[in-house]
Each structure stands twice: as structure tokens, then as C-alpha cells.
Ligand code: SDX
């Protein structure tokens, strides 16, 4: 028990110990018994739930999905198989996998009327705006989603995972005035996405297996990351009873921010800026360290990791291999490496425990895959979709779930009364 002494009273609060020995003070009776609330700006010290999906140890740089180390899944699994693991809690057997991948195939075609939605967007519409809108639009074609029919969850989840890549690829193709192409049933998830993004109906499109494997690994690395900003958004929206698609569409909006999923695009913009600027990497780092400049080293720092983000290590190795394979100029990769070398040996970053996060190299991977810059965060959303779905399911299946409704400390005007306009100064 934890004892909290307030106004001459002592409140005893239960201590919760997690599967990996993390500890929390359960303060659920604090306000009822003392009138006090806690205040924790940006929730750095606040757990919103108990979850069995993902475990992170930020000090040791550990990330596990349902107990499996991310390094093993990234090297050995497929996106579809890891998506099943994160959603259902175990690696699928042959029959379970065949049923799940069969659902992904059965529901990979969009309703033909979606074309009209796309035509309503301007050509330069931000793909993340389109994605969140189109995910909500998907639910209009599936009434069972709107009434939260949990017996249809498997189909709704598989349809969302399958169609989010079709929505993304179609948005890209329409934005560049090219014809959309249908997915092929016999292709893997990653292979099909590349096929829909880059193939054309009037000529064969050969895909390199290393490129397909790199995208598969990229998507696995992005599947889940416990209570990050966008996943917490999905859970908060789901707690009101909102359907799976509405909750995930809200997740897309939260992910879009530059401090979160938008960072992968911001990193490559930063690298291009340095490449074209008339100052060098060391001078850029000095600019970052001088707060008055308001410049951040994008792709560095993390609320939880105070050590290397294990995903960035895997992506860094893949980036070097890919650039060599793709025969593309690795100038941006060299600038990224130089930035990291400087930062990791600089007191400013060391004392603040700032290390490369998942976004530092992920944008370079997507660039090597030929993904356009404005689609980088969309790929993050495609990867994160199974994680959002898993958290929606975990919350929705909790018999003790309640609507998320934080309190506040009011710091505005005290009581005052209305005055007619003629009496106002
Ligand atoms: C993702 O939460 C997740 O799990 C997210 C994610 C996921 O998988 O879902 O991992 C994906 O969003 C990764 C993060 C991507 N964002 C960026 O790369 C943007 C750049 N990073 C920062 O904005 C920042 O590090 C955050 C947003 C990631 C974390 O912010 P915090 O935890 O609020 O840290 P902070 O702003 O309080 O920083 C502490 C100190 C401050 O300096 P002091 O006030 O102590 O002097 O570190 C400094 C900050 O100014 N700092 C940075 C910095 N990040 C923090 N200084 C320069 N460059 C940076 N990138």
C-alpha cells in the first residue's frame, strides 16, 4: 500500500505491480476520499490503463509485442502474422493464419463509389487528411461497424487493415493523375502495397524481394508502441463507445503531428535543408542547442526511451543495405549518420538522454523504397493500424471500461455577472 498524507488524514492507496515489475499507485479513490486530484501535465507520470499488448523498457531499450522481442519479429515474421499476434494475443497456427490472410484478401477491394470521394479532394490534398476522412467513410458502407457488433469484429478489423493500404495507394495514384490498380490475392501485404503504389495497368512491374522485405520489416516495427499519443487517442475515443473506424480515424489525426508520426517526414525535410544550406552539420547541431532558434533535431528524443529506440537500430542497418541495393545517392543517409555521431557525443544530448527514435531513419527507408515524402506518415499509419485495432479491442472487451474523462484545476476568472454592452469599457 502507498500512504498519502493530506490535511491531517492518511489515505492508503493500493500499489499495482505489472508483469515486468513496473509499479503504480492506484489513486482511483483519491478524489472521493480527499477531494484532491493529481495534476500531471502531458501525463508523463500517469498510467491510463493496464494493457497486455506491448511492453517497453525505455531505460534498457526493450520493445516486445505480446512478449516477443521486436528484433525477432522484424527479422522472422510477416506484417500479417504480427498483426494477428498483436490483435489476438498469440502467434497464429496454420489454420488461424489462413483464415486471417483470407479475410485480408476477401475484403481488399473498395466499394466502387469511393472514387467519388477521391474526386471531391483537391489534387494537393494532404494524404493524412484524406486517410482519416476515408477511414470514417469506410464505416458508412459497413453498418455492422457503426453498431459496434463485436461478433463481426474479425471481419471489420481485417477489412480495415486490408483497405487502409488500398485507400493510401489510391490517394497517391489519384494525386499524380495515374490509374489505380487492384491488389492481387496471391501477393503478400507489403508486396501488394508496392504493387498498388507503383505498377501501371499497361506494363509489367517487377519488385525486388529486398525492397518487399524492407517494407514488411518497416510495417512490423510500426505496429504498436503502447500508450503513445495516437494510441491513447484511439482508446480515449473508443471509451465513449465510438466504433472501431471512428476511433482509428482519430488516431490518424493524432499521428499526423510533427512531434509524433509526422516526424519521419520532418526528418527528411531537415536533412534536405542541411544538404542545401550554407552551413555544416556541426553548425546545425549548435543551432539546435541554442533554444532561442526553436530548432529541434527531428527524429531524436523520446518520452519513454532514454536509450536507443530498438527500432531505430534495426532501421539504421536496413537503410545502409537498401541504399546500396537501390543504387540511390546515400548523401542524406551520410548527413543523418554525421548528425547522429555529433549528437550522441554532445553533452546537450547526452544529459537530456536524447537518442535516435523510430523516425530518424524511417523516412530514409521510405525514400529508398520510392515512397513520396507526403506519404511517409501515411505509411506509419498503415503500420500502426493493427496496434490501434488491438487497443480498441482490449478496451472494448474490458467489462469495467469507463469513458475517459480527466479532471482539471480551474485557473480562470472567479464569479462575475453579465453587464450590458453600454456599461463595458
Ligand atoms: C514517435 O510515444 C511514442 O511511443 C511515439 C512513437 C510511437 O511509436 O508511437 O515512438 C513515435 O512519435 C517518436 C517521436 C517522433 N518525434 C520527433 O522526433 C520530434 C522531435 N522530438 C521531440 O520533439 C521530443 O523529443 C519528443 C516529442 C519526441 C518527446 O518530447 P518530451 O518527452 O516532451 O521531451 P521534452 O520536450 O520535455 O524534452 C526534454 C528536453 C528539453 O530540453 P530542456 O527544456 O530540458 O532544456 O530535451 C529537449 C527539450 O528541449 N529535446 C530536444 C529534442 N527533444 C527533446 N532538443 C532538441 N531536439 C530534440 N529532438
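Numbering (our numbering), first residue to last: 4 to 428.
The C-beta atom is built at its ideal place from N, Cα and C for all residues, glycine as well.
query: Which residues in the same chain have their Cβ closer than 7 Å to the Cβ of residue 236, if we skip the five residues on either side of it in sequence?
result: 253, 254, 257
task: Name, in chain order, the residues that DSSP records as bridge partners for residue 19.
output: 27
message: When you measure from the CB of residue 357 to every non-hydrogen atom of ligand 1, does any distance come out below 8 Å?
response: yes
message: For residue 171 and residue 381, which I take to be in contact (beta-carbon distance under 8 Å), what is that distance rounded to the nearest angstrom?
response: 5 Å
- prompt: Do residue 491 and ligand 1 come close, with the Cβ less than 8 Å from some heavy atom?
  reply: The question about residue 491 has no answer here: the residues shown for the chain are numbered 4 through 428.
query: Within 8 Å: the Cβ of residue 171 and any heavy atom of ligand 1?
result: no
- prompt: Is residue 124 helix, strand or coil by DSSP?
  reply: coil
message: Could you check whether the Cβ of residue 133 sits closer than 8 Å to any heavy atom belonging to ligand 1?
response: no
- request: Could you round the C-beta distance between residue 431 and residue 377 to whole angstroms and report it? I think they count as a contact, below 8 Å.
  value: Residue 431 lies beyond the residue range present for the chain, which begins at 4 and ends at 428; the question has no answer from this structure.
message: Quick check on the burial criterion: 16 or more other C-beta atoms within 10 angstroms. Buried or exposed for residue 18?
response: exposed
message: Using only the alpha-carbon positions, how far apart do residue 426 and residue 38 sit?
response: 39 Å
- prompt: Ordered along the chain, which non-local residues of its own chain (more than five positions away) have a Cβ less than 7 Å from that of residue 106?
  reply: 157, 158, 161
- prompt: Hey, how far is the Cα of residue 241 from the Cα of residue 166?
  reply: 20 Å
message: Can you tell me where the beta strand (DSSP E) holding residue 6 begins and where it ends?
response: 5 to 9
query: Which ranges does the alpha helix (DSSP H) cover as unbroken runs of at least 4 residues, wholly within the region 233 to 321, from first to last along the chain?
result: 247 to 258, 266 to 279, 284 to 292
- request: Might you give, ordered along the chain, the residues of its own chain that have their beta carbon closer than 8 Å to the beta carbon of residue 210, omitting 5 neighbours on each side?
  value: 194, 197, 198
field: C-alpha distance - residue 399 paired with residue 92, whole-angstrom precision
entry: 15 Å
query: If you draw a straight line from the alpha carbon of residue 60 to that of residue 335, how long is it in whole angstroms?
result: 30 Å
message: Does residue 13 come out as helix, strand or coil in the three-state DSSP assignment?
response: strand
- request: Identify whether residue 67 lies in helix, strand or coil by the three-state DSSP scheme.
  value: strand
message: In the DSSP output, what is residue 57 paired with across the bridge?
response: 68
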